[in-house]
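First the structure, in the form of structure tokens, and then the observations on it.
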Amino acid sequence: MKSVTNRGWLFVLPSALILSLVGLVPLVTVINYSFFEIFILDQRFWVGTEWYAEIITSGRFWSSFGRSLLFSALVLCIQIPLGIAIALCIPKRQLWVGFALAGVALPLLVPWNMIPALWLSLMNPDSGIIGGLLASAGWTGGWKTSAVQTWIVLLAMDTWHWTSLVILLCYSALTTIPPAYYQAAAIDGAGPWQIFRHIQLPALTHVLLMAVLLRFMDSFMIYAEAFPINAGGPDGATTFLAVDLGEDIKAFNYGPSAARSVIYFLIVVLVAWTFTKAQTRLDRDAKEVAS
Amino acid sequence: MMLRRALKTFALLAFLIWSILPLTQMALLSFISTLPQPGIEVGSLTLSNYAGILGNPALASAFANSIAYVLINICITLPVAIPAAYAFSRMSFAGDRQLFFAFIALRITPPVVLTLPIFQLFSALGIVNSVFGIALAHCLFTLPVSIWILQSFVSAVPRELDETAFLDGYSRPRFIWTFLLPQIAPGIAVTAFFCFMFSWVEVVFARILTTTNGKPISMAISALFGFQTDIGLVMAVTTASMIPGALLLFAMRNHLSRGFRIGRL
Numbered sequence: 001m002k003s004v005t006n007r008g009w010l011f012v013l014p015s016a017l018i019l020s021l022v023g024l025v026p027l028v029t030v031i032n033y034s035f036f037e038i039f040i041l042d043q044r045f046w047v048g049t050e051w052y053a054e055i056i057t058s059g060r061f062w063s064s065f066g067r068s069l070l071f072s073a074l075v076l077c078i079q080i081p082l083g084i085a086i087a088l089c090i091p092k093r094q095l096w097v098g099f100a101l102a103g104v105a106l107p108l109l110v111p112w113n114m115i116p117a118l119w120l121s122l123m124n125p126d127s128g129i130i131g132g133l134l135a136s137a138g139w140t141g142g143w144k145t146s147a148v149q150t151w152i153v154l155l156a157m158d159t160w161h162w163t164s165l166v167i168l169l170c171y172s173a174l175t176t177i178p179p180a181y182y183q184a185a186a187i188d189g190a191g192p193w194q195i196f197r198h199i200q201l202p203a204l205t206h207v208l209l210m211a212v213l214l215r216f217m218d219s220f221m222i223y224a225e226a227f228p229i230n231a232g233g234p235d236g237a238t239t240f241l242a243v244d245l246g247e248d249i250k251a252f253n254y255g256p257s258a259a260r261s262v263i264y265f266l267i268v269v270l271v272a273w274t275f276t277k278a279q280t281r282l283d284r285d286a287k288e289v290a291s
Numbered sequence: 292m293m294l295r296r297a298l299k300t301f302a303l304l305a306f307l308i309w310s311i312l313p314l315t316q317m318a319l320l321s322f323i324s325t326l327p328q329p330g331i332e333v334g335s336l337t338l339s340n341y342a343g344i345l346g347n348p349a350l351a352s353a354f355a356n357s358i359a360y361v362l363i364n365i366c367i368t369l370p371v372a373i374p375a376a377y378a379f380s381r382m383s384f385a386g387d388r389q390l391f392f393a394f395i396a397l398r399i400t401p402p403v404v405l406t407l408p409i410f411q412l413f414s415a416l417g418i419v420n421s422v423f424g425i426a427l428a429h430c431l432f433t434l435p436v437s438i439w440i441l442q443s444f445v446s447a448v449p450r451e452l453d454e455t456a457f458l459d460g461y462s463r464p465r466f467i468w469t470f471l472l473p474q475i476a477p478g479i480a481v482t483a484f485f486c487f488m489f490s491w492v493e494v495v496f497a498r499i500l501t502t503t504n505g506k507p508i509s510m511a512i513s514a515l516f517g518f519q520t521d522i523g524l525v526m527a528v529t530t531a532s533m534i535p536g537a538l539l540l541f542a543m544r545n546h547l548s549r550g551f552r553i554g555r556l
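Keeping their order, the protein sequence lines are chains A and B. Numbered according to the numbering used here, the first sequence spans residues 1 to 291. Numbered according to the numbering used here, the second sequence spans residues 292 to 556.
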């Protein structure tokens, strides 16, 4: 049992204060800005919900929204199953587990703005390893002009960079399964699929929700990695939400960019809230099954 | 059975090769001269790129800046995250679940959304262009993740330990200091590593908060791109920027997976 005491607030107060300073205050400021037309920061005019109406009714918003959503969906469809599969491939207790985990985690250490440069040099038909291989197989290097190929490069890059995180999360959840479960399954004659479905997957659910949430958010707002690859092109095919926002900020359209930010934040909170609801429901179901 | 194990090993090795392939490309390029220089032919193997890092004061100070703000970030994050993790793990208080959700919501808020107000706020506080400013801004995501990781380590410590200590007359803060900290020492190390990892590679806040001084490595690399980019030098800096992380990663390899052993949101 947890002890019920509101002194707990004293322990979380320092964290709450810091997060208010760097998170909550800026967020409220953004919300405030989104209702103003701003010329210089001390000269502003109330415009109400005009920016919101303008953004919601613009085709530009919905098309980048659709692209971001599709990109996130593809990222999740690739990285979550791949992450689970690789986590299952890591042996339980052997000397090279540590080495495998460290090797898998290496891509997480590259500064984010260098990842596109790395991939551009990798895809270079003259000197790149992958580009050279593809060139010798007869590929002509037209990915800058083909939307599908740009997407493939972006997805490969993102998968390379972030699947490690899913693997680390899944592997740590898998190590919490007591060996007795596997022994019992072996006695009952369960096959690999049944072990996965009834022992491993339940142990993963919580961590998977977190992984899905983190991967969804970071891919939904992909900017520093996506923009340098093809500058939102070809023909706007990789202009994601954050790229739009970046253009607004660069053009000093404070009001509209604030409204855009608020819309993104609302999407984020909505998705996160849905996930926590799903999790509470899973918890309740698990308790009912147990009792 | 044997076949399945072989397949698994093969899949793991294939994934490892895929992970390391772009890094190999990077390391290879970092040893090749890519711009005409006196005495060195373009395309030949050379160490001049690495010599170029040492000869460039901007790059050397960028390394110092990155190390400084990551250390400051860890020094801010850990002391406030440990009591919070303890409270979330052991105590029930009004609004605890909501507060935990709010923390996580801030972690997943797109940083682009907050860049403008954070810049203004930090200008008002006079910490723009300073290493401290970046360290503080990065608390936005290192703090929630740290609380999340530490909470799992605190929850793994038997509750009897708390109760015995309280019976012996220890206060909560003294209990945390004398008994809990040694117990969760590996957890603190893992947390510090993840703070390092997320803070070291972040670029959005690092970019807006450093217009002239205090540039981190990532921005110093960006500054190398221009009309004639010495891609070999760029790759050498990137390779060098990964060395501290790789060393830490190697040291932490056996504790890495323990970092996320819970799933409470």
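Quick reminder that beta carbons are idealized off the backbone N, C-alpha and C, glycines included.
| Item | Value |
| --- | --- |
| Step through the CB atoms of chain B and report whether any lies within less than 8 Å of the CB of N253/A. | no |
| Could you tell me whether the segment 472-492 of chain B touches the segment 317-328 of chain B, where touching means 3 or more Cβ pairs closer than 8 Å? | no |
| Whole-angstrom Cβ separation of V268/A and T400/B, contact assumed at under 8 Å? | 6 Å |
| Three-state secondary structure (DSSP) at I399/B? | coil |
| Below 8 Å between beta carbons is the criterion; list the residues of the segment 164-195 of chain A that meet it against any residue of chain E, in chain order. | Any reference to chain E falls outside this structure, whose protein chains are A and B. |
| In chain A, what lies closer than 7 Å to F474/B by C-beta? | Note on residue identity: the sequence assigns Gln, not Phe, to residue 474/B. By Cβ distance, chain A contributes nothing, its closest Cβ being about 17 Å from Q474/B, past 7 Å. |
| Just the C-alpha distance for V333/B and P125/A, rounded to the nearest angstrom, thanks. | 18 Å |
| Just to confirm, is the Cβ distance from L174/A to A226/A under 8 Å? | no |
| Taking a Cβ distance cut-off of 7 Å, strictly less, list which residues of the segment 504-534 of chain B are near chain A, in chain order. | I508, S509, I512, S513, I522, V525, T529, S532 and M533 |
| Let me know the secondary structure DSSP gives I177/A once reduced to three states. | coil |
| Look at the alpha carbon of A542/B and the alpha carbon of F36/A, and state the distance between them as a whole number of angstroms. | 51 Å |
| Inspect the CB distances between the segment 106-115 of chain A and the segment 191-202 of chain A and report whether three or more fall short of 8 Å. | no |
| Just verifying my parser: in three-state terms, what is the DSSP assignment at L338/B? | coil |
| Any idea if G554/B is buried or exposed, counting beta-carbon neighbours within 10 angstroms, 16 or more meaning buried? | Interpretation of G554/B is limited by its pLDDT of 43, a score under 50 that renders its predicted location unreliable; no figure is taken from the coordinates. |
| At a Cβ threshold of 8 Å, is G353/B touching chain A? | The question names Gly, but residue 353/B in the sequence shown is Ala. Chain A contact via Cβ: absent. |
| Starting from L390/B, find everything on chain A with Cβ-Cβ shorter than 8 Å and list it in chain order. | V12 and A16 |
| Is it buried or exposed for E288/A, if we count other Cβ within 10 angstroms and need 16 for buried? | exposed |
| For P374/B, which option in K506/B, P464/B and V492/B has the closest C-alpha, if you only look at C-alpha atoms? | P464/B |
| Give every residue of the same chain whose Cβ lies closer than 7 Å to the Cβ of Q79/A, excluding the five residues on either side of it in the sequence, and list them in chain order. | T159, W162, T163, V166 and R215 |
| Could you name the residues that DSSP lists as bridge partners for R292/A? | Chain A is shown only over 1 to 291; residue 292/A falls outside these bounds and no answer can be derived. |
| Report all residues from its chain with a CB closer than 6 Å to the CB of I365/B; omit the five preceding and five following residues, and keep chain order. | A483 and C486 |
| Can you tell me where the alpha helix (DSSP H) with F372/A in it begins and where it stops? | Given a span of 1 to 291 for chain A in the structure shown, any question on residue 372/A remains unanswerable. |
| Can you name the residues that DSSP bridges to V4/A? | S383/B |
| Per DSSP, what are the beta-bridge partners of R44/A in this structure? | I38/A |
| In terms of DSSP beta bridges, what is I418/B paired with? | In the DSSP output, where bridge partners are listed per residue, I418/B has none listed. |
| Under a CB-based cut-off of 8 Å, is D387/B close to chain A? | yes |
| Could you say which of L21/A, G59/A, C77/A and V30/A lies nearest to F413/B if we only look at CA atoms? | L21/A |
| Please go through the same chain and pick out, in chain order, the residues whose beta-carbon is closer than 6 Å to the beta-carbon of W143/A, but skip the five residues on each side of it. | Q149, T150 and V153 |
| Quick one: grab the DSSP three-state call for I281/B. | Residue 281/B falls outside the range modelled here, since chain B spans only 292 to 556, and no answer is possible. |
| Sorted by chain position, which residues of the same chain lie with C-beta nearer than 8 Å to I409/B's C-beta, five sequence neighbours on each side aside? | A428, F496, I499 and L500 |
| Any idea if M217/A is buried or exposed, counting beta-carbon neighbours within 10 angstroms, 16 or more meaning buried? | buried |
| Using the three-state DSSP reduction, which class does G424/B fall into: helix, strand or coil? | helix |
| Can you list, in chain order, the residues of the segment 444-476 of chain B whose Cβ is nearer than 7 Å to any Cβ on chain A? | none |
| Under the three-state reduction of DSSP, which class applies to W112/A: helix, strand or coil? | helix |
| In chain order, what residues of the same chain have a beta carbon less than 8 Å from the beta carbon of A372/B, not counting five sequence neighbours either side? | L434, S437, I438, L441 and T482 |
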